[in-house]
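Heads up: the sequence lines are chains Z and W, in that order. Mapping of the first sequence onto the UniProt record's numbering: residues 1 to 327, in sequence order. Mapping of the second sequence onto the UniProt record's numbering: residues 1 to 327, in sequence order. Structure first, commentary second.
Protein chains: 2
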Amino acid sequence: MQARLSVDAYVEGVLSGNRLILSRAITLIESQLPSDRILAQQVLEHILPRTGSSIRIGITGVPGVGKSTFIEAFGKALTADGKKTAVLAIDPTSQRSKGSIMGDKTRMEELAHDPMAYIRPSPSGGSLGGVANKTRETLLLCEAAGFDIILVETMGVGQSETVVKGMVDFFLLLMLAGAGDELQGIKKGIMEMADAVVITKADGHNQSAAQRAVIEYQNAFHLFPPNENGWFPPVLTCSALEKRGLHEIWAQILQFDSQSKAIGFHVKNRRQQNLEWMHSLIRQTLEEQFYSHKEITQQLHEVELMVQNEKWLPMRAATFLMDIFRS
Amino acid sequence: MQARLSVDAYVEGVLSGNRLILSRAITLIESQLPSDRILAQQVLEHILPRTGSSIRIGITGVPGVGKSTFIEAFGKALTADGKKTAVLAIDPTSQRSKGSIMGDKTRMEELAHDPMAYIRPSPSGGSLGGVANKTRETLLLCEAAGFDIILVETMGVGQSETVVKGMVDFFLLLMLAGAGDELQGIKKGIMEMADAVVITKADGHNQSAAQRAVIEYQNAFHLFPPNENGWFPPVLTCSALEKRGLHEIWAQILQFDSQSKAIGFHVKNRRQQNLEWMHSLIRQTLEEQFYSHKEITQQLHEVELMVQNEKWLPMRAATFLMDIFRS
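So this is what it looks like as structure tokens:
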């Protein structure tokens with residue numbers, strides 16, 4: 001293992017925008033070692049006053065929607081516009097050792113070589129909660145390192161969209177035109193989280209289908225309540241291949257951002273997210289302690305079967321397990 | 001306070017369909033006294049084998065959609081069809097002492113006097129989790145007392161829809177025609193929970209607006225993924241005033257029910273709901289213990305301010321509070 005730096009060395013390196021130190025600081029954050037956790041928290045506390053000024057954008061969509069291609073094209077458009085852009089990801093299934101670093105770098109090759117961009121693959125392994133914490137902390141480091149835009153990609157696994165929604169300002173849903181089978185992969189509730197829907201691959205033969213999809217989604221959104229800040233999610237099209245639609249998406253995000261800031265929603269939302277982060281850490285810790293309790297792990301399966309098969313009431317089962325936990 | 005009966009007396013009374021005993025058993029379940037909780041659990045364990053055979057239907061909609069009027073008309077249609085129907089409610093804001101029993105009885109006067117129907121207002125006070133537990137247990141008692149259909153009404157407060165969705169087989173969303181302002185009250189995510197949407201008050205001048213609303217919602221649902229059991233939610237209209245559309249709704253519920261049972265979804269869903277009930281009881285208990293800890297209650301507000309104002313990282317705050325909890 002690489003030697004650790006001092007707190008000051010991490011802090012100065014990150015604040016000066018040194019990418020090597022940024023990467024090492026992220027590695028520190030991702031470490032499971034208790035001594036590293038302490039060091040990481042000290043680094044984060046020092047950089048905290050320098051965080052918060054980026055636009056945080058979550059991006060989701062089913063596999064096959066062209067997420068990597070979109071992020072590469074969108075990221076290039078942002079850096080060409082002078083915006084330092086970091087790309088993070090949340091994928092609780094990722095196994096770093098199986099080569100996902102390589103995977104991430106090669107799937108966005110142009111952006112990976114862009115000096116204005118920084119790509120970091122998902123922290124590997126662990127629970128979604130654990131992975132998400134590390135991504136949140138990495139996001140703060142990237143902000144302190146001077147990145148203007150943070151794109152957080154969700155791999156669409158489990159509850160990862162909800163978690164990403166809770167750490168970003170703007171949530172972008174990528175969709176394919178020509179609904180039907182492609183939609184099967186979209187999970188319930190995602191539509192209603194979106195601040196914008198982008199129909200991808202709107203090029204060649206797909207263009208008319210994309211236009212029809214725009215109208216369908218626009219009609220659907222009219223049936224939804226507006227977002228908490230009074231924003232009605234626009235439906236846009238884009239072709240990463242032909243580099244069309246990217247600036248329109250960016251313009252919408254900027255409009256959302258200025259509207260959110262003008263009415264005070266931005267600050268309110270960020271504060272609420274911080275509070276929810278704290279409470280979710282507490283919940284996670286409580287549940288981890290409970291479900292990793294030795295005797296509970298031994299009995300849980302049996303108890304669950306009793307409940308599933310209606311031999312025991314859930315209340316009796318919960319009381320039984322809580323008694324074990326307390327003793 | 002009324003004297004308590006023996007376990008056997010409650011069990012026999014409920015199983016024989018004695019309404020007076022059923023009401024007293026529900027009162028027992030709703031009691032906060034520890035001795036009553038023990039007695040209540042014993043009663044529930046005895047009646048457990050006789051539960052599970054009803055169709056459990058959740059009903060939600062914004063205030064003004066005509067929920068009470070709908071439930072009264074729908075309930076009357078069910079009892080006229082020979083179905084014993086119980087109406088329960090979840091309203092974490094209800095204060096029994098402020099007369100909500102009277103309120104509930106008078107707002108569904110005809111149904112309240114129907115010998116085939118049984119109306120029980122929401123358990124009063126306490127957290128949503130606590131209220132929901134009591135409604136779940138009441139639902140089991142009503143099943144044991146021979147009710148064929150249980151309607152669970154949500155008052156549309158906070159997360160109550162999610163909680164009701166987790167205890168029913170079929171979730172019905174009532175909507176008004178002529179979208180716009182009325183929609184403001186609908187919360188995010190509710191649309192995607194629905195197994196059917198019913199446009200209420202589809203009578204008189206409203207009829208053409210109701211038909212337009214049907215088409216709009218049908219189009220919107222095509223953009224959603226189908227429910228887990230392959231069911232596409234139908235959009236129907238109804239007039240409680242003119243008693244139209246009620247049988248069509250019931251026919252859809254029966255079709256859903258037989259489809260769910262045929263493909264095994266019904267059993268799977270009920271088992272999953274039992275399991276989730278147990279885990280949510282565990283989470284509730286853990287969080288109650290944490291957030292009612294004396295020193296934590298004293299410090300929490302201060303800590304939350306530190307987090308909201310980004311003086312402290314959520315991790316630091318969570319660790320600080322967890323240390324208090326453990327000591």
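Quick reminder that beta carbons are idealized off the backbone N, C-alpha and C, glycines included.
May I have the straight-line CA-CA distance separating residue i from residue j, to the nearest angstrom?
i: residue 332 of chain W; j: residue 58 of chain Z; result: Only positions 1 to 327 of chain W appear in this structure, which leaves residue 332 of chain W out of reach.
i: residue 36 of chain Z; j: residue 115 of chain Z; result: 29 Å
i: residue 27 of chain Z; j: residue 111 of chain Z; result: 21 Å
i: residue 87 of chain W; j: residue 48 of chain W; result: 20 Å
i: residue 76 of chain Z; j: residue 149 of chain Z; result: 12 Å
i: residue 119 of chain Z; j: residue 174 of chain Z; result: 20 Å
i: residue 83 of chain W; j: residue 147 of chain W; result: 8 Å
i: residue 160 of chain Z; j: residue 224 of chain Z; result: 22 Å
i: residue 170 of chain Z; j: residue 162 of chain Z; result: 13 Å
i: residue 65 of chain Z; j: residue 176 of chain Z; result: 6 Å
i: residue 34 of chain W; j: residue 134 of chain W; result: 14 Å
i: residue 328 of chain Z; j: residue 307 of chain W; result: Because residue 328 of chain Z is not part of the residues shown, which for chain Z are 1 to 327, the question remains open.
i: residue 304 of chain Z; j: residue 255 of chain Z; result: 49 Å
i: residue 73 of chain W; j: residue 327 of chain Z; result: 52 Å
i: residue 128 of chain W; j: residue 92 of chain W; result: 5 Å
i: residue 323 of chain W; j: residue 3 of chain W; result: 45 Å
i: residue 277 of chain Z; j: residue 314 of chain W; result: 6 Å
i: residue 108 of chain Z; j: residue 123 of chain W; result: 56 Å
i: residue 5 of chain Z; j: residue 46 of chain Z; result: 15 Å
i: residue 312 of chain W; j: residue 319 of chain W; result: 11 Å
i: residue 216 of chain Z; j: residue 130 of chain Z; result: 37 Å
i: residue 232 of chain Z; j: residue 245 of chain W; result: 33 Å
i: residue 50 of chain Z; j: residue 143 of chain Z; result: 7 Å
i: residue 207 of chain W; j: residue 80 of chain W; result: 26 Å
i: residue 168 of chain W; j: residue 222 of chain W; result: 24 Å
i: residue 332 of chain W; j: residue 280 of chain W; result: The structure shown does not extend to residue 332 of chain W, since chain W is modelled only from 1 to 327, so the question has no answer here.
i: residue 166 of chain W; j: residue 178 of chain W; result: 30 Å
i: residue 316 of chain W; j: residue 310 of chain W; result: 11 Å
i: residue 125 of chain Z; j: residue 132 of chain Z; result: 11 Å
i: residue 218 of chain W; j: residue 193 of chain Z; result: 20 Å
i: residue 234 of chain W; j: residue 226 of chain W; result: 11 Å
i: residue 210 of chain Z; j: residue 210 of chain W; result: 29 Å
i: residue 195 of chain W; j: residue 67 of chain W; result: 17 Å
i: residue 243 of chain W; j: residue 121 of chain W; result: 24 Å
i: residue 325 of chain Z; j: residue 8 of chain W; result: 32 Å
i: residue 63 of chain Z; j: residue 302 of chain Z; result: 37 Å
Kindly give me the distance between the Cβ atoms of residue i and residue j, rounded to whole angstroms, as I take these residues to be in contact under 8 Å.
i: residue 69 of chain Z; j: residue 78 of chain Z; result: At roughly 15 Å, the Cβ-Cβ gap does not stay under 8 Å, so residue 69 of chain Z and residue 78 of chain Z are not in contact.
i: residue 199 of chain W; j: residue 213 of chain W; result: 5 Å
i: residue 249 of chain Z; j: residue 60 of chain Z; result: The Cβ separation is near 14 Å, so there is no contact.
i: residue 282 of chain Z; j: residue 44 of chain W; result: Their Cβ separation, rounded to whole angstroms, is 31 Å, which puts residue 282 of chain Z and residue 44 of chain W out of contact at 8 Å.
i: residue 17 of chain W; j: residue 117 of chain W; result: That belief does not hold up - the Cβ atoms of residue 17 of chain W and residue 117 of chain W are roughly 13 Å apart, past 8 Å.
i: residue 90 of chain W; j: residue 164 of chain W; result: 6 Å
i: residue 253 of chain Z; j: residue 229 of chain Z; result: 13 Å between Cβ atoms; not a contact.
i: residue 151 of chain W; j: residue 71 of chain W; result: 6 Å
Going by the DSSP bridge assignment, what does residue i pair with across the sheet?
i: residue 118 of chain W; result: W:86
i: residue 58 of chain W; result: W:152 and W:171
i: residue 237 of chain W; result: W:199
i: residue 176 of chain Z; result: Z:200
i: residue 244 of chain Z; result: Z:239
When you compare the region 120 to 140 of chain Z with the region 34 to 54 of chain Z, are there three or more beta-carbon pairs, one atom per stretch, that lie closer than 8 Å? The region 120 to 140 of chain Z vs the region 34 to 54 of chain Z: in contact.
Whole alpha helix (DSSP H) elements within the region 246 to 306 of chain Z, 4-residue minimum: Every alpha helix (DSSP H) stretch that sits fully inside the region 246 to 306 of chain Z and reaches 4 residues is listed by chain position as 246 to 262 and 265 to 291.
Contact between the region 282 to 293 of chain W and the region 285 to 300 of chain Z (3+ Cβ pairs under 8 Å): The region 282 to 293 of chain W is in contact with the region 285 to 300 of chain Z.
Examine the Cβ distances between the region 251 to 263 of chain W and the region 256 to 267 of chain Z and report whether three or more of them are shorter than 8 Å. The region 251 to 263 of chain W, when compared against the region 256 to 267 of chain Z, does not touch it at the 8 Å Cβ threshold.
With a threshold of 8 Å, are at least 3 pairs of Cβ atoms found where one atom belongs to the region 268 to 282 of chain W and the other to the region 11 to 24 of chain Z? By the Cβ rule, the region 268 to 282 of chain W does not count as touching the region 11 to 24 of chain Z, because fewer than three pairs are nearer than 8 Å.
Decide yes or no for the touch test of the region 153 to 172 of chain Z against the region 38 to 50 of chain Z: beta carbon pairs closer than 8 Å, at least 3 of them. Flag = no, the region 153 to 172 of chain Z and the region 38 to 50 of chain Z do not touch.
Which ranges would you report for the alpha helix (DSSP H) in the region 24 to 81 of chain Z if only whole runs of at least 4 residues count? Counting whole runs of 4 or more residues, the region 24 to 81 of chain Z contains the alpha helix (DSSP H) stretches 34 to 47 and 67 to 80.
Stretch pair the region 230 to 246 of chain W + the region 197 to 215 of chain W: three plus CB contacts closer than 8 Å: Taking 8 Å as the limit for Cβ pairs, the verdict is that the region 197 to 215 of chain W does touch the region 230 to 246 of chain W.
State whether the region 16 to 32 of chain W contacts the region 295 to 311 of chain Z, with contact taken as three or more CB pairs (one from each stretch) at a distance under 8 Å. Touching, no.
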